[in-house]
Amino acid sequence: MGKDKKYKWEFENIGGSLRVKISSGADIAHLGELDPKMWTVLSCPVQGLEIDEKSLSYVDTDGDGKIRINDVIKTASWVTGALLDQDSILAGKDSIELGKFNKEDASGAKLEASARQILANLGKEGETISIADTADIAAIFAKTRFNGDGVITEASSDDADDKAAIAAAVAATGGVADRSGAMGVNADMIESFYKSLADYAAWHDSAVELPFADQTDKAIAAYEALDAKVKDYFMRAKLAAFSPDSMSSLDVQTSRIEAISAENLTGKTDEIAAYPIARITGKAEIDLSEPVNPAWAAQFETIVSVAVDPARKILTEADWNEIGTRFAAYSAWKNAKAGAAVEGLGIEAVKGFLAKDRKAALLDLVAQDIALKEEASNIEMVDKFLHVYRDFYRLLRNFVTLNDFYAKDRAVNAIFQSGRLILDQRECRLCMKVFDAAKHNATAAVSGMYLIYCDCVAKDKPAKLQIVAAMTVGDVGDIFVGKNAIYYDNSGSEWDAVITKIIENPISVAQAFWSPYRRMAKAIENLISKNAADKDAKIMSDATAKINAAPAALPAAGAAPAADGKPAAAPPFDIAKVAGIFAAIGVAVGMIGTALSGLLKGLLALEWWQLIIVFVSIMLVISGPAMIMAWLKLRRRNIAPLLNANGWAVNAASKISIPFGETLTDQAKFPKIKMKDPYAKKGLATWQKILIIVICLAVVAATLWALRYFGII
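The C-terminal position of the sequence shown is numbered 889 in the numbering used here, with every residue numbered one higher than the one before it.
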């Protein structure tokens, strides 16, 4: 990157920080001269942003999935060099007039020529080309014979023989789609096709005589299926002849048949097929008049009917081997088949293609197509230019600076702002997609913001979406994990959201003011609940103990009554004990009363304005520390950690001040109307209640004043 400081940059206050101002085509053209330390962002991902991913992939010149400073500089140099009016890139249009290309620039000249070629291919007139024109590459090349991809189709030639050869080659090799979308073949496929033609024809011409006429293939299949089984039979027969006592073991065993006889034998084919093909008699031959194993009967019958002399009564091992020898040559020829890819064409068609030999002509067509590779690539370059022309300036406003994020226009969002979360009568505008929850959880707290993580699902979307939203206005309210909300993405799609995690930080100074009182109220509530639970548990425990002890307190059955026949007397009333209790209570009440009296006298000794100062001071002592801490944290709120968690490298402070934070969350604003509770009990009117309260307060004040005046207090 160059470090020439000759270009005069302008700077402006963006988000409370001094940042370079990108406001002209010249600024974009000189980005290579801007000190990298002045860039707000050093890199960002290609995927997951609210900008056309195709545009970002074009800016990603090295294709590594990240946009870095050098990628931006190269793109800026290319796109501004190809334009006569460099400022036109600021408009973000998706079309351009052909006359705005700089023909003195090599890229500009190629773009202008290619743009005209595209319009001609599409049959369009005019001097303007748009992204819509370049969106369908297949449509651009649909009416052209050659498109530079090295693939030819039937439309690439007017010769009928060439068309037929191309169609046959596609059928044989599977073909490949060219830029127009039609199926065709490339040079390698053509070479492979003609080689297959030659190999198949040569193989077919070397065919040997069929040993069993048209039944040969059927007989070979049956022989190969039976070969191992028949040879196993002959080995068993030889072993039985050698050891007659083992004949029953070598033969099919009755016990095995009995084990499956009660079942459906049609499902026991594998078990039956394991038995010998014929009964073992000790003779190394198969009696053709006797039945064979039914699992192999069909194949055996095929061999006997095709390959065995009908006059023969037995089949020996030599006979079996001789049958295999008869078709050995045929099997070898068949196994040596070559060019099978073109077999489906038929031998006549194969020889016809060889006779006409259009191989050289087809390869020449491929060469003509490849010769237009650069022109075709330039056509794709037009699509790249139009995407960059439309989206590049917006990328710069979110990369070199963060203008879009700090923009006063609420309709402008940064490319990382993915939508809006509606929750607790508030709309959170700072929402970001979460791609790595673990990374977010590790760095999110550093941002200093009150963050709400949600899982989002939509009935028309296949995948779940994870987002994080920043709450920057209002109170904690009724926000808790598991609470449902609604999320709207930037396309307007509606998602059902549920809170999965909350990272607590101050939302506002006002919220921090009341936080100590909420904590005290929560602590008191927990203490009361705990005491109530403890007392309830003690009462239940005592009651259970008394119930369990009641039978033991009753006189045992048959036991003698008391000597005087009367029940035992209750213990006498201890008046001294009761007096002591009341005395202790009196002392406690007296101490509390004395303390309250002293406090009341001290307060009444103050002037009214002094009372207000005391009250405010107490409030500040309680809430002041929390408010100061909240104010300090709110001033340090920073969006960089959230971007960092999504793969960004943020190079400059990106603070969220208190006033700016208030613009990122909208609260519901209801009109001021007089509301009447339809379920309220009938009684005094509100004004009457207020009047009574005022009179009572006045009486109390007058009484206190009179008591002070006469020196009673």
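Think of the CB as a built atom: it goes at the ideal place given N, C-alpha and C, for glycine as much as any other residue.
Given residue i, which residues of its chain have a CB within under 7 Å of its CB, disregarding the five upstream and five downstream residues?
| i | result |
| --- | --- |
| Pro579 | The displayed chain sequence assigns Asn, not Pro, to residue 579. Cβ within range, chain order: Ile190 and Arg573. |
| Trp254 | Ser283 |
| Met423 | Ala416, Ile456 and Gly458 |
| Gln843 | Gln601, Arg602, Val649 and Gly650 |
Checking 8 Å against the spacing of the C-beta atoms, do residue i and residue j come in under that value?
| i | j | result |
| --- | --- | --- |
| Gly224 | Asn822 | yes |
| Ala645 | Cys630 | yes |
| Asn666 | Glu226 | yes |
| Gln642 | Val622 | no |
| Arg244 | Thr216 | no |
| Ala358 | Thr320 | no |
| Ser372 | Val542 | no |
| Tyr409 | Ile453 | yes |
| Ser193 | Val558 | no |
| Leu274 | Ile305 | yes |
| Asp540 | Val327 | no |
| Gly515 | Asp375 | yes |
| Gln475 | Leu402 | yes |
| Glu550 | Gln293 | no |
| Lys535 | Trp472 | no |
| Arg813 | Gly837 | yes |
| Ser332 | Thr349 | no |
Can you look up residue i in the DSSP assignment and give me helix, strand or coil?
| i | result |
| --- | --- |
| Lys119 | Any answer about residue 119 is impossible in this case: the structure gives the chain only from 177 up to 889. |
| Thr577 | coil |
| Ser669 | coil |
| Met716 | helix |
| Met625 | coil |
| Tyr183 | coil |
| Ser219 | strand |
| Asn440 | coil |
| Thr329 | coil |
| Gly178 | Note that Gly178 scores 44 on pLDDT, short of 50, meaning its location in the model is unreliable; the coordinates nonetheless yield the value given after this. Reduced to three states, the DSSP call for Gly178 is coil. |
| Asn681 | coil |
| Glu461 | strand |
| Thr304 | strand |
| Tyr451 | coil |
| Ile249 | helix |
| Ile265 | helix |
| Lys852 | coil |
Quick check on the burial criterion: 16 or more other C-beta atoms within 10 angstroms. Buried or exposed for residue i?
| i | result |
| --- | --- |
| Pro486 | exposed |
| Gly522 | exposed |
| Pro835 | exposed |
| Arg566 | buried |
| Leu818 | buried |
| Cys220 | buried |
| Glu186 | exposed |
| Pro467 | exposed |
| Ile249 | buried |
| Asn724 | exposed |
Identify every residue that forms a DSSP beta bridge with residue i.
| i | result |
| --- | --- |
| Gly241 | In the DSSP output, where bridge partners are listed per residue, Gly241 has none listed. |
| Met557 | DSSP lists no partner for Met557. |
| Thr841 | Cys604 |
| Phe277 | Leu259 |
| Asp631 | Gln642 and Val674 |
| Leu599 | Arg602 |
| Leu194 | Asn189 |
| Ala353 | Met359 |
| Val526 | The partner list for Val526 (beta bridge, DSSP) is empty, contrary to what the question assumes. |
| Ala825 | Ser219 |
| Thr492 | Glu461 |
Quick one: residues in its chain with C-beta nearer than 8 Å to the C-beta of residue i, no 5 flanking neighbours on either side, listed in chain order?
| i | result |
| --- | --- |
| Ser231 | His563, Val564, Arg566, Asp567, Phe568 and Leu571 |
| Lys527 | Ala377 |
| Ala343 | Glu330 |
| Lys286 | Asn554 and Met557 |
To which residues of the same chain is residue i closer than 6 Å at the C-beta, ignoring the five residues directly before and after it?
| i | result |
| --- | --- |
| Gly178 | For Gly178, the predicted structure reports a pLDDT of 44, less than 50, and the residue's modelled location is therefore unreliable. The matter cannot be settled from this model. |
| Ile313 | Arg355 |
| Thr676 | Tyr629 and Asp631 |
| His380 | Ile523 |
| Lys184 | none |
| Asp180 | Model confidence at Asp180 stands at a pLDDT of 48, short of 50, so the residue's coordinates are unreliable and nothing is read from them. |
| Asp710 | none |
| Tyr451 | Val428 and Asn469 |
Kindly say whether residue i, judged by its beta-carbon, lies nearer than 8 Å to any beta-carbon of chain B.
| i | result |
| --- | --- |
| Ala661 | In the structure shown, chain B does not exist; there is a single protein chain. |
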